[in-house]
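Here this note's numbering runs 24 ahead of the position in the sequence shown, where the first position is 1.
Ideal Cβ positions, reconstructed from N, Cα and C, are used throughout, including at glycine.
As the structure is a prediction and not an experimental result, all values here were calculated from the model.
Below: the structure, in structure tokens.
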Amino acid sequence: MSVDLTNIGHLNAKPVAASAVIGLVASLCCGGSLIFTSVGLGVFYSLLGLSRYIPQALAAGAISIVTVNYLYYRHIAKKGASRPIALQRTMFVSTAIGLLVMAGSFIFMEWLNHAIVHGDRFLAHPEYGQALIKGVPNATLLYVAATFFALAVLWALPFPRFDSSVLQGDGRVRRAARFAVLGAGTVLLVGVLLDASSKVSGTVSGQHGRTD
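Following this line, the structure appears as structure tokens:
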């Protein structure tokens, strides 16, 4: 299925670049142990235990990418410089680029670390050796796939200057769908935060147990 680029509008380099940078940073926070090791910070990275917070890092990256693009294109739409529908499509494309960069770089770094560099150690474990992508556990792939739900959340956020003809006839359905998506996004975010809280509590409890 081909994409009609004439209906997408002109991609602005600023939000695209910002989205790509955010995606790279988010992916390297938990998938870049090789990078930290190569610059002599491997021990520091291990002490931080960032590999335990993969869902949180990916969620933070997805939220940041959505926020950057939403605020940027919402500001342009309010100025009335371009057609809102075309701007919204451009916003989706820019956001998707950032999410793809984050997903691609994270999966690549995880694969390189667990299947190539340290394959002899990790591939012996079924969760790594029998995964859909060797070296990347299937649960981790689900976390990565879940970040694309951010596109649905972006769709549900209010965007100014919609044409009345677009909303006519199904306004209630659209509003209900938007509330449902935002509600699901809130539930997912709360779940991620609770998961992080439980991990932090477990770490603190473990430290107290060792010092007693």
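Residue closest to alanine 127, alpha-carbon to alpha-carbon, out of Cys53, Leu181, Ala148 and Val224: On the sequence shown, position 103 is the one that residue 127 refers to. With distances taken between Cα atoms, alanine 127 lies closest to Cys53.
Nonlocal neighbours in the same chain, by C-beta distance under 8 angstroms from lysine 223, ignoring five residues either side: The count along the sequence shown starts at 1 and reaches residue 223 at position 199. Counting only Cβ-Cβ distances below 8 angstroms, and skipping sequence neighbours, we find Arg76 and Tyr77.
The stretch 154-163 contacting the stretch 173-183, beta-carbon criterion three pairs below 8 angstroms: The stretch 154-163 is not in contact with the stretch 173-183.
Asparagine 93 burial status per 10 Å Cβ neighbour count (16 or more: buried): If you number the sequence shown from 1, residue 93 lands on position 69. Flag for asparagine 93 reads buried.
Tyrosine 96, enclosing alpha helix (DSSP H) - first and last residue: If you number the sequence shown from 1, residue 96 lands on position 72. Run containing tyrosine 96: 78-103, per the alpha helix (DSSP H) assignment.
N-terminal and C-terminal residue of the alpha helix (DSSP H) that leucine 165 is part of: Position 141 of the sequence shown, counting from 1, holds the residue named residue 165. In the DSSP assignment, leucine 165 falls within the alpha helix (DSSP H) that extends over 162-170.
Opposing strand residues paired with isoleucine 157 [DSSP bridges]: Locating residue 157 in the sequence shown gives position 133, counting from the first residue. When beta bridges are read from the DSSP output, isoleucine 157 appears opposite Val160.
Reference glutamate 134, options Arg98, Lys158 and Leu123, closest by Cα: Here residue 134 refers to the residue found at position 110 when the sequence shown is read from its first residue. Closest in C-alpha terms to glutamate 134, from the list Arg98, Lys158 and Leu123, comes Lys158.
Stretch-stretch touch, CB-based, cutoff 8 angstroms, three pairs: the stretch 117-127 with the stretch 195-207: No, because fewer than three Cβ pairs between the stretch 117-127 and the stretch 195-207 fall closer than 8 angstroms, the two stretches do not touch.
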